Amino acid sequence: MSFSFNDIIFSNEQRKPDDYAAITKELKRDILKSLALAGSGHPGGALGIAELMAVLHFGGVMRYDATNPTWKERDRFILSPGHYVPVLYSCLAHCGYFPTSELATLRKLGTRLQGHPAGFGFTPGIETTTGSLGQGVSIAVGMAMSDKLIDKNSHKVFCLSGDGELQEGSCWEAAMSASMHHLDNLCWIVDNNDCQIDGRVKEVMSIYPLKEKFESFGFAVIELNGNDVEQVISGYEQFNANHKNKINKPTCIIAKTIMGNEISLMHDKYQWHGNPPTIAQAEEALKELEDTNNE
Amino acid sequence: MNKYISKGTKPTRQGFGEALAEQGDKDSRIVVIGADVTGSVLTSFFAEKHPERFISVGIAEQNATTIAVGLALSGKVAFFSAYAAFATFRNADQLRVSVCYNNANVKIAGGHSGVTVGPDGATHQCLEDIGLLRTLPNMTIVVPCDYEQAKKATIAVAEHIGPAYIRLSRAKTAIFTNADDDFQIGKADVLRDGTDVCIVACGALVWEALQAAGELETKYNLNVAVINCHTIKPIDADTISAYAKKCGAIVTAEEHQIYGGLGSAVAEVVVGKYPVPMEMIAMQDRFGESGEPDELMRHFGFTAENIVNRCLLVHKRKIEQK
Ligand SMILES: [Mg+2]
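Protein chains in written order, with this note's numbering: chain A, 533 to 827; chain B, 34 to 355.
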């Protein structure tokens, strides 16, 4: 069995909310297909952030040049939960960093698309290795420090963390340092799906109240529905305004999302953190996506 | 016979601190991260000279290490220094995944290594750092033998591309190398030639090895070579195997645990290239304890006297094998 991947490049420009439906569906299709082909991996979290990723990469929010991955003027995106990487690979392929056909090689011997992001320079468009939870946010803080404190340029650093990930104490070391060093060029997005491997975050080890925590750590906090494109667009606009207005605080977007969003098999089920769909399940889910497309 | 004489004493951390501050003038990419102990590990010199490139993150070694990665991936040469115990073990996962897997240009300076930390006791006497870091792909490990060499090692590490660890001591030790001696990462220094036994040492034990070699010559008429193996990784396999062949017996000496350190690294080379009898002077799989540095060095056998005894022993084994 093999799936083919649509060879389509999405431009990076401001779009109307309705224009994202096709993009998020494309990302979701890629996630389902590549994981089913890999026979292993983590679909739930990746599917839940399709809207956040689509607007970030294709909504004119970040500056990048897919033909020049090491472009000095680029903004950066760090995906701290490395296991979400299938959605990032899909985005990078549709940015033009590498052919979409390469998505079929996910997790296979010799691939550039490792199960978790490999080191910088290994996969075009990947900024750093992540996979040991908690580390990506500190790397993002380091990048933001490099830009704001040392080089004094206007680059932005975006970082997405999980919510269970915030149980790692070093995340709060990162939060403290981002705040004390006034990193208003840092946008920390928390994917708040309230799911982790063992169950609901609030039951495994509660991280709540989240808004109050980040506020007390000195962040400007925006709460929104991460699966609502209109709200996501407005969230990034608010961060961009914070950055432009030099508010001297980092921004935290707490994005409520649903794991496995809109794929009925997986919708809001933490059991889909780390199980790939079978080929048959993927086909079923693709058909379901197709049907909602035609509504 | 000894061309190396002591010209006074200073700690290796001082050589590091001074050289880093100076290198900051020449290389504007250098950024230093402080984790509260800057006055002990002497990154305070850099902070005073280059405050605009010094970032304090407090007592948070995991964050410090990964922030260093973010800086390195943005084109900086990022130095992070703290006590060796907390700059390698507290942040071991960060070193493995974010520093080494990324092959990031991050430099870790582990101050206060070994038992010469003294009265603070075992928690602060890091004797396991080399063993831990030697298992990490992409990591380079340097252990300067005195203040003068620490300066050169610091510059070499700053200029080296990729992850590197420089191991430093708190206590003042003999300054016996010269300002114009060569220093090259990965190239061991043959300080004294010989044919009967070869001592391979690093850090403060190099000076003890030179004293031992002198005594072995005058008292026992043995011609003992001394190699300062300042780079533990990548180890200078060519020089070590050449001296295994030439001397036919080796003694290693290091202020580190017996498992995983210089002795292990040398044995790996010797076993593969030219097997000869070996004796290893190291911490015997136990924790240190409080005491004055000199007392502890004697207590645990990190002395010229012990090196002499082990050289006699390995020489006897060599003769018996023939
Ligand atoms: Mg979660």
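Each residue gets a CB set at the ideal place from its N, CA and C atoms; glycine is no exception. Bear in mind that the values here come from a model prediction, so they are computed numbers and not experimental data.
Beta-carbon contacts of residue i that lie in its chain and below 7 angstroms, excluding the five residues immediately before and after
i, result
"B:Met34", "With a pLDDT of 45 at B:Met34, under the threshold of 50, the modelled position of that residue is not reliable, and no figure is offered here."
"A:Glu827", "Because the pLDDT at A:Glu827 is just 46, under 50, the model does not fix this residue reliably, and the point stays unresolved."
"B:Phe49", "Leu75, Ala142, Ala183, Thr187, Ile199, Leu201"
"A:Pro835", "The requested residue 835 of chain A does not occur in the structure, where chain A is confined to residues 533 to 827."
"B:Lys185", "Phe216"
"A:Ser796", "Glu820"
"B:Ala212", "Glu181"
"A:Thr716", "A quick correction: the sequence has Asp, not Thr, at residue 716 of chain A. Excluding positions up to five away in sequence, the list reads Asn774, His775, Lys778, Ile779, Asn780, Lys781, Pro782."
"A:Val617", "Leu611, His648, Pro649"
"B:Phe320", "Ala155"
"A:Lys743", "Val753, Glu755, Ile786"
Where the beta strand (DSSP E) through residue i begins and ends
i, result
"A:Leu611", "608-611"
"A:Asn757", "752-757"
"B:Thr264", "264-266"
"A:Met677", "Unbroken run through A:Met677 is the alpha helix (DSSP H), 667-677; no beta strand (DSSP E)."
"B:Arg225", "222-225"
"B:Gln244", "That residue, B:Gln244, is in no beta strand (DSSP E); its alpha helix (DSSP H) goes 238-253."
"B:Ser89", "87-89"
"A:Gln646", "Note, A:Gln646: premise wrong, no beta strand (DSSP E); not H, not E."
"B:Ala315", "311-316"
"A:Gln803", "Segment: none, A:Gln803 is in no beta strand (DSSP E) and carries neither H nor E."
"A:Leu692", "689-694"
"A:Lys560", "No beta strand (DSSP E) contains A:Lys560, which is instead part of the alpha helix (DSSP H) from 552-570."
"A:Thr632", "Element bounds for A:Thr632: n/a, residue is neither H nor E."
Pair within 8 angstroms by beta-carbon distance, residue i and residue j
i, j, result
"A:Leu681", "B:Ile314", "no"
"B:Pro326", "B:Gly151", "yes"
"B:Ile66", "B:Ala101", "yes"
"B:Met316", "B:Leu201", "no"
"A:His687", "A:Asp597", "no"
"B:Glu94", "B:Asn124", "yes"
"A:Val753", "A:Leu718", "no"
"B:Ile92", "B:Ala245", "no"
"B:Gly195", "B:Cys280", "no"
"B:Ala221", "B:Ile232", "no"
"A:Leu588", "A:Phe751", "no"
"B:Ala207", "B:Pro44", "no"
Bounding residues of the alpha helix (DSSP H) (the contiguous stretch that carries residue i)
i, result
"B:Phe78", "77-82"
"A:Trp720", "A:Trp720 -> not in any alpha helix (DSSP H); beta strand (DSSP E) instead, spanning 718-724."
"B:Arg203", "First-last for B:Arg203: undefined, no H or E at that position."
"B:Tyr180", "180-192"
"B:Ala276", "Note that residue 276 of chain B is Tyr in the sequence shown here, rather than Ala. Its alpha helix (DSSP H) spans residues 270-280."
"B:Lys59", "45-59"
"A:Ser711", "702-712"
"B:Gln354", "337-354"
Sequence-distant residues of the same chain with beta carbon closer than 6 angstroms to residue i, five excluded per side
i, result
"A:Glu583", "Thr556, Asn759, Val761, Val764"
"B:Lys198", "What sits at residue 198 of chain B in the sequence shown is Tyr, not Lys. The residues are Ile141, Leu166, Ile174."
"A:Leu624", "Gly657"
"B:Thr264", "Val175, Ile218, Gly219"
"A:Gly806", "His574"
"A:Gln728", "Gly696, Val736"
"B:Met172", "Cys133, Leu166, Pro196"
"B:Phe112", "Val65, Lys140"
"A:Gly675", "Reading off the sequence shown, one finds Met at residue 675 of chain A, where the question assumed Gly. Excluding positions up to five away in sequence, the list reads Arg608, Val689."
Interface partners of residue i on chain A, CB under 7 angstroms
i, result
"B:Lys140", "Here the premise fails: no neighbours, minimum Cβ distance about 14 angstroms."
"B:Val362", "No statement about residue 362 of chain B is possible, as the shown extent of chain B runs from 34 to 355 and does not include it."
Contacts that residue i makes with chain B (C-beta to C-beta distance below 9 angstroms)
i, result
"A:Thr643", "Simply none; closest approach about 16 angstroms."
"A:Asp679", "Ser107"
Within chain B, the residues that residue i reaches when beta carbons sit closer than 8 angstroms
i, result
"A:Met594", "Near A:Met594 there are no residues of chain B at all, since even the closest Cβ is about 16 angstroms away, more than 8 angstroms."
"A:Glu828", "With chain A running from 533 to 827 in the structure shown, residue 828 of chain A is simply not present."
Near ligand 2: residue i beta-carbon under 7 angstroms from a heavy atom
i, result
"B:Asp269", "Summarising the ligand content, the structure contains ligand 1 and does not contain ligand 2."
Within-8 angstroms CB hit, residue i to chain E
i, result
"A:Ile739", "The structure shown has no chain E; the protein chains it does contain are A and B."
Residues that residue i contacts on chain A, provided the C-beta gap is smaller than 9 angstroms
i, result
"B:Leu166", "Chain A residues near B:Leu166: none, gap ~17 angstroms exceeds 9 angstroms."
"B:Gly154", "The contacting residues do not exist; B:Gly154 stays about 26 angstroms from chain A at best."
Chain-ordered chain A contacts of residue i [CB-CB under 8 angstroms]
i, result
"B:Lys59", "Result: empty, since nearest Cβ-Cβ is about 17 angstroms, beyond 8 angstroms."
Per-residue contacts from residue i into chain B (C-beta, under 7 angstroms)
i, result
"A:Gly651", "Tyr134, Asn135, Asn136"
Contacts around residue i, its chain only, beta-carbon distance under 8 angstroms, and the 5 residues preceding and following it disregarded
i, result
"B:Ser107", "none"
#### Entry: Residues within the segment 71-101 of chain B neighbouring chain A, beta-carbon criterion of under 7 angstroms
Arg86, Ile88, Val90, Ala93, Gln95, Asn96, Thr99, Ile100, Ala101
### Task
Below 8 angstroms between beta carbons is the criterion; list the residues of the segment 207-241 of chain B that meet it against any residue of chain A, in chain order.
none
### Members of the segment 559-571 of chain A that neighbour chain B once the beta carbon cut-off is set at 7 angstroms
none
### Task
Using a Cβ-Cβ cut-off of less than 7 angstroms, list which residues of the segment 116-131 of chain B approach chain A; keep chain order.
Asp126, Gln127, Val130, Ser131
### Query
Got a sec: which bits of the segment 661-677 of chain A sit with their beta carbon under 7 angstroms from any beta carbon on chain B, in order along the chain?
Thr661, Gly663, Ser664, Gln667, Ser670, Ile671, Ala672, Val673, Gly674, Met675, Met677
### Task
Quick one: which residues of the segment 702-725 of chain A get their C-beta closer than 8 angstroms to a C-beta of chain B? List them in chain order.
Ser702, Glu705, Ala706, Met708, Ser709, His713
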